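Visitor:
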Amino acid sequence: MGEKSRSKGGCCGWFIAIAVLAIVVAAVVYTVKVKIRHSHSDKPAPVPGPPGAVQQKYSSALKTSLQFLDIQKSGKLANNKIPWRGDSALKDGSEASLDLSKGLYDAGDNMKFGFPMAFTATVLSWTILEYGDQMDHVGQLESAQDSLKWITDFLINAHPSENTLYIQVGDPAVDHGCWQRPEAMTEKRPLIQINSSCPGSDIAAETAAAMASASLVFKKSDSTYSSTLLKHAKQLFTFADKNRGSYSEYIPEVATYYNSTGYGDELLWAASWLYHATGDDSYLEYVTGQNGEDYANWGSPTWFSWDSKLAGTQVLLSRLSFFKGKDISNAYSSGLQNYRKTADAVMCGLLPDSPTATKSRTDGGLIWVSEWNSLQHPIASAFLAALYSDYMLTTRTPKLKCGSDSFRPSDLRDFAKSQADYVLGKNPMKMSFLVGYGDKFPEFVHHRGASIPIDSKTNCKDGFKWLDSTDPNPNVATGALVGGPFLNETFIDSRNNSMQTEPTTYNSAIIVGLLSSLVTTSSAVQSFT
């Protein structure tokens, strides 16, 4: 007994010694890694040059994602690239003697909602302005510009006078009571407008942002068109600012679908884009003065989406302090620093190892904010992170301070990649949420045109048999980014599950932005003009 006891005690002693040694070694390794990370973060990374080696995964996904914008086009389709789509809604706007036939259908329905459509245009413009060289490098720039112009042509016609903007085409109650291809629509398509007596600062300002940013996209290729867009943008911003009110308060029926939670963020967003488009300091004064105090929520990070533009505004204005800090008047520098500090806070919240990292994530690492259309927020956040990373790299800004920790531009880019990779199939479900990309993707997308055979003669009500069909969609909605997974990382591929399987055009805009940032590397443009 005694001999066994001594042997057992000796083993325990050796075990304890080994365990202590392992802990010491682990602590040393951790300390060295932290020191290495912090020492590296003090040295700026090299500035990227012209577009470099192409990441084929992201290039292929970008090409795929842009196709959904073609699928969503309304009107007479010249050079139609989608074999199961045709001309539709050719008489839209006729009740007001306007041509509103163009534009994009919003989602899986046949509605044109101006608020998210304008946001789609703004994000597409921002993407082209920042990453046009990279998009061109992989042959996708022309397609993006074409889809953008399809929207802005509609927006120009929807603004027939300074204080009138048509914001919706179609009756959603009627539209959602039908399941039919857009080519087969026969129902009336009523219009909704905002004006001086029925204002909508949020939607007017978002439309101004779309036109101002698009004016920069087309400035070199079509200066006349660019000037037209800028004229409309200025008028709409003035209209939005002088006739304040939320469109969903004045027109309650729109709140069911795209309820606005406020208009201050859109006013700041539009003014920021107008400053970039014009160089007029009055817009800079607007965002850094009392309006910034009232609406910017400095120091409080928020999510970027079709409804909330503050995080986007903070990143957009941060590029001024990154690239033009020395050229900005002292009168505006303090306000711009407030935007920059808040943008820093947004980034720190996204980085998973940051002390202020958001806990709003799935176990698989996806940012998860909303059960409905859950992919919007992670992809929008990743797009902003990629932009911020490129701003830091180009200006040789070595680190981002998050509490007592420091992070490099590469950390932001790694986060952006993680969200993109999740969407493209690196997730617990091992499926792609981008239709047409990868071996496994949703086959029962909630989308009228995709679910109905092209030769079907069904009308408004008869078409519901295709909604309920147990067969996969006969037409693949290539490029559609569906709603996404639940928090527990499950996904029910059912046409009746619109919460998860319905795609939207604004989702397409943000995934195009994110993928364009990742297809290759290049230095950020220092000025949009």
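Residue 1 is where the sequence shown starts when you use full-length UniProt numbering, and the numbers rise one by one after that. Where a beta carbon is used, it is the ideal one built from N, C-alpha and C, also for glycine. No experiment lies behind these values; they were computed from the predicted model shown.
(1) Please list, in chain order, all residues of the same chain as SER517 whose beta carbon is under 6 Å from its beta carbon, the five residues on each side excluded.
(2) Would you tell me roughly how many angstroms separate the C-alpha atoms of SER334 and TYR283, rounded to the nearest one?
(3) Could you give the residue range of the alpha helix (DSSP H) that holds GLN193?
(4) So PRO453 and GLN419 are in contact, right, with Cβ under 8 Å, and what is the actual spacing, rounded?
(5) Rounded to the nearest angstrom, how far is the Cβ of SER115 from that of GLU206, given a contact under 8 Å?
(6) Does the region 361-377 come close enough to the region 302-317 to have 3 or more Cβ pairs within less than 8 Å?
(7) Whose C-beta lies closer than 7 Å to the C-beta of SER360 among residues of the same chain, with five residues either side of it excluded?
(8) Is VAL369 helix, strand or coil by DSSP?
(9) Would the beta-carbon of THR521 fall within 7 Å of that of GLY52?
(10) Considering just the uninterrupted stretch of the alpha helix (DSSP H) at LYS76, what are its terminal residues?
(11) What is the rounded straight-line gap between the Cα of ILE511 and the Cα of MET429?
(12) If you check the beta carbons only, do LEU336 and LEU316 fall under 7 Å apart?
(13) Going by C-alpha to C-alpha distance, which of GLY438, ASP462, GLY436, LEU267 sits closest to ARG448?
(14) In chain order, what are the residue ranges of uninterrupted alpha helix (DSSP H) at least 4 long that sit wholly in the region 166-222?
(15) From GLN290, GLU183, LEU412, PHE237, pick the residue whose C-alpha is nearest to that of THR458; which is it?
(16) Residues bridged to SER161 by DSSP?
(17) Rounded to whole angstroms, what's the CA-CA distance from MET431 to LYS149? Just pull it up for me.
(18) Determine, using beta carbons only, whether LEU191 and ALA96 come nearer to each other than 7 Å.
(19) Please state the DSSP three-state secondary structure of LEU236.
(20) Might you give, ordered along the chain, the residues of its own chain that have their beta carbon closer than 8 Å to the beta carbon of GLU285, omitting 5 neighbours on each side?
(21) Would you kindly work out how many angstroms separate the C-alpha atoms of ARG408 and LEU400, rounded to a whole number?
(22) Starting from the Cα of GLY349, find the closest Cα among ASP411, ILE328, ALA209, ASN373 and give me that residue.
(23) What residue does the alpha helix (DSSP H) around CYS348 start on, and which one ends it?
(24) Between which residues of its own chain and LEU267 is the CB-CB distance below 7 Å, once the five residues before and five after are set aside?
(25) Name the residue from GLN67, TYR58, PRO44, ALA209 whose alpha carbon lies nearest to the alpha carbon of GLY479.
(26) With contact counted as at least three CB pairs below 8 Å, one residue from each stretch, are the region 87-105 and the region 159-174 in contact?
(27) Measure the alpha-carbon distance for ALA450 versus TRP466 and round it to whole angstroms.
(28) CB-CB under 7 Å to PRO472, same chain, minus the five flanking residues each way: which ones, in chain order?
(29) Determine the direct distance from the alpha carbon of SER161 to that of GLN55, and round the result to whole angstroms.
(30) By a C-beta neighbour count over all protein chains shown, 10 Å radius and 16 as the cutoff for buried, is GLN526 buried or exposed?
(31) Rounded to a whole number of angstroms, what is the C-alpha to C-alpha distance between GLU253 and SER260?
(32) Specify, as a first and last residue, the run of the beta strand (DSSP E) that SER406 falls within.
Guide: To lay it out plainly:
(1) Position 517 of the sequence shown holds residue 517. Same-chain partners within the cutoff: TYR131, ALA386.
(2) Position 334 of the sequence shown holds residue 334. Position 283 of the sequence shown holds residue 283. Approximately 15 Å, taken between the alpha carbons.
(3) In the sequence shown, residue 193 corresponds to position 193, counting from 1. Note, GLN193: premise wrong, no alpha helix (DSSP H); beta strand (DSSP E) at 191-194.
(4) Locating residue 453 in the sequence shown gives position 453, counting from the first residue. Locating residue 419 in the sequence shown gives position 419, counting from the first residue. Not really, about 35 Å apart at Cβ, beyond 8 Å.
(5) Along the sequence shown, one-based indexing puts residue 115 at 115. Along the sequence shown, one-based indexing puts residue 206 at 206. Contrary to the premise, residue 115 reads as Phe rather than Ser in this sequence. Their Cβ separation, rounded to whole angstroms, is 6 Å, which keeps PHE115 and GLU206 in contact under 8 Å.
(6) yes
(7) Mapped onto the sequence shown, residue 360 falls at position 360. Around SER360: ILE367, TRP368, VAL369.
(8) Numbered from its first residue, the sequence shown carries residue 369 at position 369. DSSP places VAL369 in coil when its eight states are reduced to three.
(9) Against the sequence shown, residue 521 aligns to sequence position 521. Against the sequence shown, residue 52 aligns to sequence position 52. Yes; because the gap between Cβ atoms is below 7 Å, this pair is in contact.
(10) Position 76 of the sequence shown, counted from the first residue, corresponds to residue 76. Neither: LYS76 is in no alpha helix (DSSP H) and is coded neither H nor E.
(11) The residue given as residue 511 occupies position 511 in the sequence shown. The residue given as residue 429 occupies position 429 in the sequence shown. The alpha-carbon atoms of ILE511 and MET429 are separated by roughly 20 Å.
(12) Locating residue 336 in the sequence shown gives position 336, counting from the first residue. Locating residue 316 in the sequence shown gives position 316, counting from the first residue. No. Outside cutoff.
(13) Counting from one through the sequence shown, the residue named residue 448 turns up at place 448. It is ASP462 whose Cα lies nearest to the Cα of ARG448.
(14) 172-176, 201-217
(15) Numbered from its first residue, the sequence shown carries residue 458 at position 458. Comparing Cα-Cα distances from THR458 to each of GLN290, GLU183, LEU412, PHE237, the minimum goes to GLU183.
(16) By 1-based counting over the sequence shown, the position of residue 161 is 161. DSSP lists THR164 as partners of SER161.
(17) Locating residue 431 in the sequence shown gives position 431, where the first residue counts as 1. Locating residue 149 in the sequence shown gives position 149, where the first residue counts as 1. Cα to Cα, the separation comes out at about 33 Å.
(18) Position 191 of the sequence shown, counting from 1, holds the residue named residue 191. Position 96 of the sequence shown, counting from 1, holds the residue named residue 96. Going by C-beta atoms, LEU191 is nearer than 7 Å to ALA96.
(19) Along the sequence shown, one-based indexing puts residue 236 at 236. Note: LEU236 maps to helix in three-state DSSP.
(20) For the purposes of this step, residue 285 is taken as the residue at position 285 of the sequence shown. Excluding sequence neighbours, GLU285 sits near ALA331, TYR332.
(21) Mapped onto the sequence shown, residue 408 falls at position 408. Mapped onto the sequence shown, residue 400 falls at position 400. ARG408 and LEU400: Cα-Cα distance of roughly 6 Å.
(22) Numbered from its first residue, the sequence shown carries residue 349 at position 349. GLY349 has its Cα closest to that of ASP411, out of ASP411, ILE328, ALA209, ASN373.
(23) Numbered from 1 along the sequence shown, position 348 holds the residue referred to as residue 348. Note, CYS348: alpha helix (DSSP H), 330-350.
(24) The count along the sequence shown starts at 1 and reaches residue 267 at position 267. Excluding residues within five positions, the ones whose Cβ falls inside 7 Å are SER201, ALA205, ALA240, ASP241, ASN291, TYR295.
(25) In the sequence shown, residue 479 corresponds to position 479, counting from 1. The residue with the shortest Cα to Cα distance from GLY479 is GLN67.
(26) yes
(27) As a first step, residue 450 must be located in the sequence shown, where it is residue number 450. As a first step, residue 466 must be located in the sequence shown, where it is residue number 466. Distance between the alpha carbons of ALA450 and TRP466 is about 10 Å.
(28) Reading the sequence shown from its first residue, position 472 is the one you call residue 472. For PRO472, where only same-chain residues beyond five positions count, the Cβ hits under 7 Å are GLU443, PHE444.
(29) Working through the sequence shown from its first residue, we reach residue 55 at position 55. Working through the sequence shown from its first residue, we reach residue 161 at position 161. Distance between the alpha carbons of GLN55 and SER161: 46 Å.
(30) Residue mapping note: residue 526 aligns to position 526 of the sequence shown, counting from 1. Exposed.
(31) Working through the sequence shown from its first residue, we reach residue 253 at position 253. Working through the sequence shown from its first residue, we reach residue 260 at position 260. Computed Cα separation, rounded: 12 Å.
(32) Counted from its first residue, the sequence shown places residue 406 at position 406. Taken as a continuous stretch (DSSP letters only), the beta strand (DSSP E) holding SER406 covers 405-407.
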